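Engineer:
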Amino acid sequence: MSEEKSILCYGDSLTWGWIPVEDGSPTQRYPFSSRWTGAMAKELGPGYRVIEEGLSARTTSADDPNDPRLNGSHYLPTALASHLPLDLVIIMLGTNDTKPFFNRTPYDIAYGMAKLVGQVLSSAGGIGTPYPAPKCLVVAPPPLAPIPHAYFEGMFGGGHAKTAELAKQYEAMADFMKIDFLDAGSFITTDGCDGIHFTPQNNCDLGKAIAGKVKEIIGDDASQLHGARVAGTSLS
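Per this note's numbering, the sequence shown starts with residue 145, numbered consecutively.
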């Protein structure tokens, strides 16, 4: 009998579950069932364990000048070691990297994502354990929509064009690193009233789409034992 499949979801406010509000903030968090992670878990059904690691404003590998907690590459190795054994790590980041004070091109952002992918693929062992590295799925967030609040708009100035290019750059990076890729913009648009975050329907639709990809990657084959994997390979 195959073991329960463990999936780590690593992301920013889109994974944390930020509820969009017209004033930008303060806000609250969607309940688990209304986040894309919860929708994915429901679609996958029994036999899968979904672990969330979402943090609002998180970047791929850029240092935010106002908050040292937000560099995703600083925390991911710890999160991986903490949650092993893992079958799959899903990373959806990049929107915050488009902020103008980071001065990053879409390729620069994909290069930051590649650093995270490398951390996943080299995470075998953990702390005092022999676990293999999990597989990796990179999800490009959908492009930003018009942002009505002036402060938010300034925070993401120029980000509309950059987010529209992320899927292309992420797909090329994923092909180069031989990992799986999904373009969220092929399934949803950013419909939240702030132009950045998701509605409950966005979350539901994205969760279902990612669940389908997860089944392609780690599947339900009872003969697939947890330890009999080759790190970094793809079954899709």
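Just so you know, even glycine gets a beta-carbon here, dropped at the ideal spot from N, CA and C. Quantities reported herein were computed from a predicted structural model and do not represent experimental measurements.
#1: Using DSSP with H/G/I as helix, E/B as strand and the rest coil, what is S150?
#2: Could you tell me if F342 is buried or exposed, where buried requires 16 or more neighbouring beta carbons within 10 angstroms of its beta carbon?
#3: Tell me the rounded alpha-carbon separation between M236 and Y174.
#4: When DSSP labels each residue in this structure, what does G302 get in the three-state scheme?
#5: Just the Cα atoms here: how many angstroms apart are K243 and I253?
#6: Taking 6 Å as the limit between beta carbons, can you name the residues of its chain near I151, skipping five residues before and five after?
#7: Report the residue from G182, H304 and F296 whose alpha carbon sits nearest the alpha carbon of K352.
#8: Can you tell me the Cα-Cα spacing of G301 and H293, whole angstroms?
#9: If you check the beta carbons only, do L326 and L260 fall under 8 Å apart?
#10: Quick check on the burial criterion: 16 or more other C-beta atoms within 10 angstroms. Buried or exposed for D241?
#11: Ignore the nearest five residues each way along the sequence and tell me which others in D338's own chain have a CB closer than 8 Å to its CB.
#12: Could you tell me if A305 is buried or exposed, where buried requires 16 or more neighbouring beta carbons within 10 angstroms of its beta carbon?
#13: Buried or exposed: where does I354 fall if 16 or more other Cβ atoms within 10 Å of its Cβ makes it buried?
#14: Which parts of the segment 301 to 357 are runs of the beta strand (DSSP E), unbroken and 3 residues or longer, counting only runs that do not cross its ends?
#15: Below 8 Å, can you find three or more Cβ-Cβ pairs linking the segment 201 to 214 to the segment 267 to 275?
#16: Alpha helix (DSSP H) containing V261: first to last residue?
#17: Are Y192 and E148 closer than 8 Å when you measure CB to CB?
Structural biologist: This is what the structure holds:
#1: Three-state result, S150: strand.
#2: Buried: at least 16 other Cβ atoms inside 10 Å.
#3: Looking at the two C-alpha atoms, the distance is approximately 17 Å.
#4: Three-state result, G302: coil.
#5: Each residue's Cα considered, the two are about 11 Å apart.
#6: Setting aside the 5 residues that flank it on each side, I151 is surrounded in the same chain by V194 and L232, each with a C-beta closer than 6 Å to its C-beta; the list follows chain order.
#7: The shortest Cα separation from K352 among G182, H304 and F296 belongs to G182.
#8: Straight-line Cα distance between these residues: approximately 12 Å.
#9: Contact flag unset, no.
#10: Looking at its Cβ environment, which holds 16 or more other Cβ atoms inside 10 Å, D241 is buried.
#11: Excluding residues up to 5 positions away in sequence, P164, V165, E166, G168, I291, P292, H293 and F296 lie with their Cβ nearer than 8 Å to the Cβ of D338 in the same chain.
#12: So A305 counts as exposed.
#13: The residue in question, I354, is buried, as its Cβ has 16 or more Cβ neighbours within 10 Å.
#14: The segment 301 to 357 contains these whole beta strand (DSSP E) runs: 324 to 327.
#15: By the Cβ rule, the segment 201 to 214 does not count as touching the segment 267 to 275, because fewer than three pairs are nearer than 8 Å.
#16: Annotation: the continuous alpha helix (DSSP H) that includes V261 extends over P250 to L265.
#17: Yes, the Cβ-Cβ distance between Y192 and E148 is below 8 Å.
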